[in-house]
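Residue numbers (our numbering), protein chains in the order written: chain G, 1 to 346; chain B, 347 to 692; chain D, 693 to 1038.
Inspection log for the structure reproduced underneath, given as C-alpha cells.
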Amino acid sequence: VEKKQVLYTLGELAKLLDVTLSGQADIGISGLATLKTAGPGQLSFLSNPRYTSQLSNCHASALIIHPDQADKSPCACLISDAPYVTYARASQLFTPVDPVSDTPAIHPTASISASAKLSADVIVGAHAIIEDRATIGAGSRIGAGTSIGRDVSIGKNSILYANVTIYHQVSIGNNCILHSGVIIGADGFGFAFDGARSIKIAQLGGVRIGHDVEIGASSTIDRGALDDTIIEQGVKIDNQVQIGHNCIIGKHTIICGCTCIAGSTTVGSYCMIGGASAFAGHLTIADKVTVSAMAMVTKSLGPGAWSSGTGVMESSIWRKNVVRFSQLNEMSKRLRELERSTDVKE
Amino acid sequence: VEKKQVLYTLGELAKLLDVTLSGQADIGISGLATLKTAGPGQLSFLSNPRYTSQLSNCHASALIIHPDQADKSPCACLISDAPYVTYARASQLFTPVDPVSDTPAIHPTASISASAKLSADVIVGAHAIIEDRATIGAGSRIGAGTSIGRDVSIGKNSILYANVTIYHQVSIGNNCILHSGVIIGADGFGFAFDGARSIKIAQLGGVRIGHDVEIGASSTIDRGALDDTIIEQGVKIDNQVQIGHNCIIGKHTIICGCTCIAGSTTVGSYCMIGGASAFAGHLTIADKVTVSAMAMVTKSLGPGAWSSGTGVMESSIWRKNVVRFSQLNEMSKRLRELERSTDVKE
Amino acid sequence: VEKKQVLYTLGELAKLLDVTLSGQADIGISGLATLKTAGPGQLSFLSNPRYTSQLSNCHASALIIHPDQADKSPCACLISDAPYVTYARASQLFTPVDPVSDTPAIHPTASISASAKLSADVIVGAHAIIEDRATIGAGSRIGAGTSIGRDVSIGKNSILYANVTIYHQVSIGNNCILHSGVIIGADGFGFAFDGARSIKIAQLGGVRIGHDVEIGASSTIDRGALDDTIIEQGVKIDNQVQIGHNCIIGKHTIICGCTCIAGSTTVGSYCMIGGASAFAGHLTIADKVTVSAMAMVTKSLGPGAWSSGTGVMESSIWRKNVVRFSQLNEMSKRLRELERSTDVKE
C-alpha cells in the first residue's frame, strides 16, 4: 500500500462537516474507506447497524458514527446523528481530481460560436463545441468533445463530462452534473401513420432541467412535441435511463439505471423508481411512490409501493410454472367450478 | 408570453397542407400548441375524440379538425380527413432551427479524408470525422463530433446529429435521421468457447439501412457476422434500442424505446414493437404484429397481438403472489387431483 | 457478385489454423460465408449438426467441418475437432480493414497531454483526447473522438473505437476491445438522503478491467464508491449493458445486451448472463451460473440455471391471465380450502 498524503486533520473534518469530535484533533486523514478495508490514516463510517460487528476488526484511524454506537468504536470518532449523510459530505472533500480540466480555462481546440456567452471562469475541454447563442453560467465546466446546441442555457457550477450532447433550446440549472454520453433534447418519438408510412411529427418543444439534477452516463431525455419535457430540481437519474417527450419528473425523485419512461408520463416528487423498470406513456405517478426494480407500470399509481414481475427460480422449475401461467385463467375457472360442485363458498 | 412572429397565414397553411380552409385566410399563425395551452396566433388540432370536450375552452386561432367535428370548433379550421397526419405535416413547417448548422458548409475543424466524396451542398459540423472513401449524398448534414468510418455510404438529405458513430462499410439511405449517440456497425456479439476462453468471431458483414429510417438517441445496430444486418425503408426506431447482428427489420416497422433484439431475428413489416421489450435470437416475427411493452419474446410470432409479463400491483400483495407463482405447477397438479377426486371433468 | 481477391490458399489456412487439410492445397479463398450463401472462392463451416442438410446445396470452395461429418462434405475440407472455434479463428484472418486507422500514427488533430505516455506504435485517431499522465501500451489504438481521462492506464494491443469515454483513474488490460459509446468510470449512483434532498456521495474508487475483455457499444461501467469496480480477464460484455459501482464480474463471464447489474453485486467466473436481465445490488452469483434472458435476479444465486418472467402469448389471453396472477395468492388459499373440505391431502 502506497503512503497516502494527509489531506485533513480530524479536527478540520469535524469543523467542515459540523459534527462532534471524539478523539484527538490532530489525527491525519488521507482518505475514506469501508469498515472492512480501512487502514491507518483512513476515515470510515458505520451507518447500517448490520455492520456493527465489523467494528472490532476495523483498522481505520477514525469513524463517522451515530451517538448511540460511539461507545463501540475502536478509534476516534466523528459523531453524527446521520452518519450516512455525513459520510456523503465527507466524500466530497476527498474528490481527487477536477473531473474535467483545470487549465487552460478554454482549450484552444474548442469550437465556440462568437454569439455564445460564457462567464469568465467557465472551463471548456478539448474539441468541445458550443453553438450560437448558448450561455454558460459562472463556474460551469464543459467536458472534452461535448456538444452544446444553439440557444442552450446552462446555469452556474454545472459539470458536463466528456462527450455529452445537448440539442438546441434546452435549459439546464445550477449545480447539475451530466455524465458522458448523456443526450438531452433529441426528438421525441412521434409519428402519424398515413396508411402507408409514418409521417414525422416535428418535436417543437424543449427540455427544462432544474437545479441540482444529476444524470448518469448514456441517459437520454427527449425534447417535447409542443410543450417542454421537464426534470425538476434535485432529481437524480442513473445510467442508461430513457425519458420520453413531455414527461415531467417531480423534484428530488430518484430514478435507477436502465429505466424507460414513455412519453407524457408525470412522475411525482420524492419518488424512488427501481432500476430497469418501464412506464407506459400518459400515466400519472403520485408523490413519494416506490416502484420496485424491473416493474412494468401500465397504469397510473397512487401513493405507496408498487411492483410487478416474477422472482428468479431454477430454470427447470420455471419452465413448468411458465406453462401454468399461460393456463392461469383456465385454472381459475376450474377452481371456481370445483368450489361450486363441492358447495364451498368463495 | 412573448409575442411570436407570424410565420404563415392560415390560407398559406391550407395550401401547403392541402386541406380545406374554414375561416379567414389572413389569420396569422406563429406556432403550434395543444388544445389546452394554445393561445392567439397558434394553431392546434383535434385528433382523439376523447379531447372534444376541450374545444369549448380552446383559445387557439385555428384548429386542424375532422369534417365530422368541424361544427364544434370555436375558431377557424383546417378541415382534414386525417387530422393527426395533417398536424404531423404542419409540425414540420414550424421547425425552428436547422438541427445541425447552417454556415459554413464544412466546418474548418472537421477532419475529412482526401478520398471521401461529399456532394457540394453537404453540411459538416465542427470536429466531425469522415474517413477514407466515405460518400455523403446531396443535402445530407453531419453533426459536430460525428464519426463516419471508411467506405460508408450515406444517401441524400439524411441528418446525422452530433456525436453519432458509424463504423466502416455501413450504408444509409436517403432522408434518414440518426440522433446523437447512435452507433451503427459495432461488432455483433459472437464468440466460440474453446473450453477455457471465448474466441472472438470477427464480424465481417456490414449494416444496410434503407430510406426514410429514423433512429433514436443512443440506439445501437450491430454489423453482421458474415451477411449484413438490414433495416428496411421507413423503419422508425426510438432511443436506446439494441439490434443484434444479422437482424432484419421489415419496412415501416416501429420499435419503441429500450427494446433489445438479439441476433439473427427477423421482424416483419409494419410491426408495432412496444418499448422495453426483449427478443431472443433466431426468431421470425410476422408482418403487422403488435408486441406490447416489456414483452419477453422467446418464440417466433405469427400475426396478431402478443404480450407477456405481469401488471403492477401493491408490493405487499405482489410479494405473496410471486411466491404462489413459484408454486404454480404444483398448484395445477393439486387442482387436477381435486378434480379427479371430486369427479369433476376438466 | 464482384470478383473478390484471393487472400489465402486453403493450404495456408490449414497451417494458420492448425487443422487438417482434406483437398487441394492451392484452392484460393477470398472470404467466409454461411453454408447457405457461400459461393466459389469462399470458405464456410458446419458446426451445428442441425444444418447438415444444407451441405448438399452448399457451393463453398471449402468447409470447416468435424471429422465425423467430413465424408458428407461436397468440397475440400479443413477438418477440426471444434469447427466453431476454428471458424472464429479463421474469421479473424479475414477482417477487412483496420478498425481505427492505419496512417498517420498520431492524427495531428488529436489533443494529447504533454504528460501522457504513449508507446511508439500507438495509433490515435482524429480529435481524440488523452489527458494528463495517461499511459497507452504498445500497439493500442485510440479511435477518433475518444476521450481518455487523467491517470488512465491502457495495456498493449487494446482497441478503443471512436467516441469512447474513459474517466480518470481507470485501468484497462491488454488485448481489450471497447466499442463506440462505451463509458468507463462515470460516477456510481450513490446519494444520502438528508430528509429534504439527496447528498451526493463522491465516487472515489476507480475501475479495473483485465486482459482480453470486450465491451459492446454504449455499455457503461461505473467507478467504485470507495473500492474499485472490477471486470476480470476474458469477460465479454455486449451492447448497452450497465454495471454499477463496486460490482465484480468474474473471469470469462459473458453478459448479453441490455443487462443491468446494480451496485456491489459479484458475478462469478464463466457465467452466461442472458440479455435484458436485471440484477439487484449486493448479490453474489456463483461460478458457471446461467441466467436466462430478461430474468429479474433479486437474490443471490447458487450454481445452476436460473430464470424468471412469463412467456409471450396472445394479448387477449394474456390480459385474462394477468388478472388471475393478481389473484394468485387468493386462488392458492381457495385451493387449500377445497382440499381441506374434500379431505384430499396436499
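Beta carbons are placed, not taken as given, at the ideal position from N, Cα and C, and that holds for glycine.
No experiment lies behind these values; they were computed from the predicted model shown.
Within the segment 983-1035 of chain D, the complete beta strand (DSSP E) segments at least 3 residues long are 997-999, listed from N- to C-terminus. A straight-line Cα-Cα distance of about 21 Å links D/G897 and D/F885. Nearest to D/G926 by alpha-carbon distance, out of D/S910, D/C952, D/R915 and D/C963, is D/C963.
Closer than 9 Å to the CB of B/S661 there is not a single CB belonging to chain D. The three-state secondary structure of G/A278, taken from DSSP, is strand. Distances from the alpha-carbon of D/D930 to those of B/I488, B/G609 and B/D467 put B/G609 closest.
Judged by beta-carbon spacing, B/V510 lies within the 9 Å limit of B/I529, meaning their Cβ atoms are closer than that value. Taking 9 Å as the cut-off, the beta carbon of G/H127 is found no closer than this to the beta carbon of G/A114. Going by DSSP, D/R781 is part of the alpha helix (DSSP H) stretching over P775 to L785. Taking each of B/A626, B/I373 and B/G495 in turn and checking the Cα distance to B/V516, the smallest one comes out for B/G495.
The residue among G/I177, G/Y167 and G/A202 with its C-alpha nearest the C-alpha of G/I142 is G/I177. Exclusion of the five residues before and after B/V498 leaves A480, I512 and V516 as the residues of its chain whose Cβ lies within less than 6 Å of its Cβ. G/E131 sits close to G/S147, with the two beta carbons spaced by under 9 Å. Each of D/L1020, D/R900 and D/M986 was checked against the Cα of D/D920, and the nearest Cα belongs to D/R900.
The DSSP-derived three-state label of G/G31 is strand. Residues of the same chain with a CB within less than 6 Å of the CB of D/M988, apart from the 5 flanking positions on each side, are A970 and S1000 in chain order. Near chain D, meaning a CB-to-CB distance below 8 Å, the residues of the segment 665-680 of chain B are K666, N667, V669, R670, F671, Q673, L674, M677 and R680. Of the other Cβ atoms in all chains shown, fewer than 16 fall within 10 Å of the Cβ of B/K679; this residue is therefore exposed. Taking 9 Å as the CB threshold, D/Y853 stays off the interface with chain G. Exclusion of the five residues before and after D/A754 leaves L702, G715, I719, I721, L735, C767, A768, C769 and L770 as the residues of its chain whose Cβ lies within less than 7 Å of its Cβ.
With at least 16 other beta carbons inside 10 angstroms of its own, G/N246 counts as buried.
Comparing C-alpha distances from G/A196 to each of B/Q438, B/I607 and B/V431 shows the shortest one belongs to B/V431. Rounded to whole angstroms, the Cβ separation of D/G731 and D/H751 is 5 Å, and the two are in contact under 8 Å. Residue D/S984 holds the alpha-carbon nearest to the alpha-carbon of D/G1003 among D/L1020, D/S984 and D/P800. In this structure, D/G942 sits near D/G960, with a CB-CB distance shorter than 9 Å. Against chain B, the beta carbon of D/L724 has neighbours under 7 Å at L550 and L572, listed in chain order. D/H751 does not reach chain B, its nearest Cβ partner there being about 14 Å away, counting only Cβ pairs nearer than 7 Å.
Straight-line spacing of the CA atoms in G/G224 and B/I452 works out to 30 Å.
Secondary structure of B/A422 (DSSP, three-state): strand.
In the same chain as D/A978, and ignoring 5 residues on each side of it, the C-beta atoms closer than 7 Å to its own belong to G960, L993, G994 and P995, in chain order.
In the DSSP assignment, the residues bridged to B/Y354 are B/I375. Minimum Cα-Cα distance from D/F786 among the listed residues B/A462, B/Q549 and B/G519 corresponds to B/Q549. For D/S911, the number of other beta carbons within 10 angstroms of its own is at least 16, and it is reported as buried. Rounded to the nearest whole angstrom, the CA to CA distance from G/D18 to G/A25 is 14 Å. Rounded to whole angstroms, the Cβ separation of D/I893 and G/A116 is 33 Å, and the two are not in contact under 8 Å. Only those residues of the segment 157-189 of chain G whose C-beta falls short of 8 Å from the nearest C-beta of chain B are listed: N163, T165, Y167, H168, Q169, G181, I183, A186, D187 and F189.
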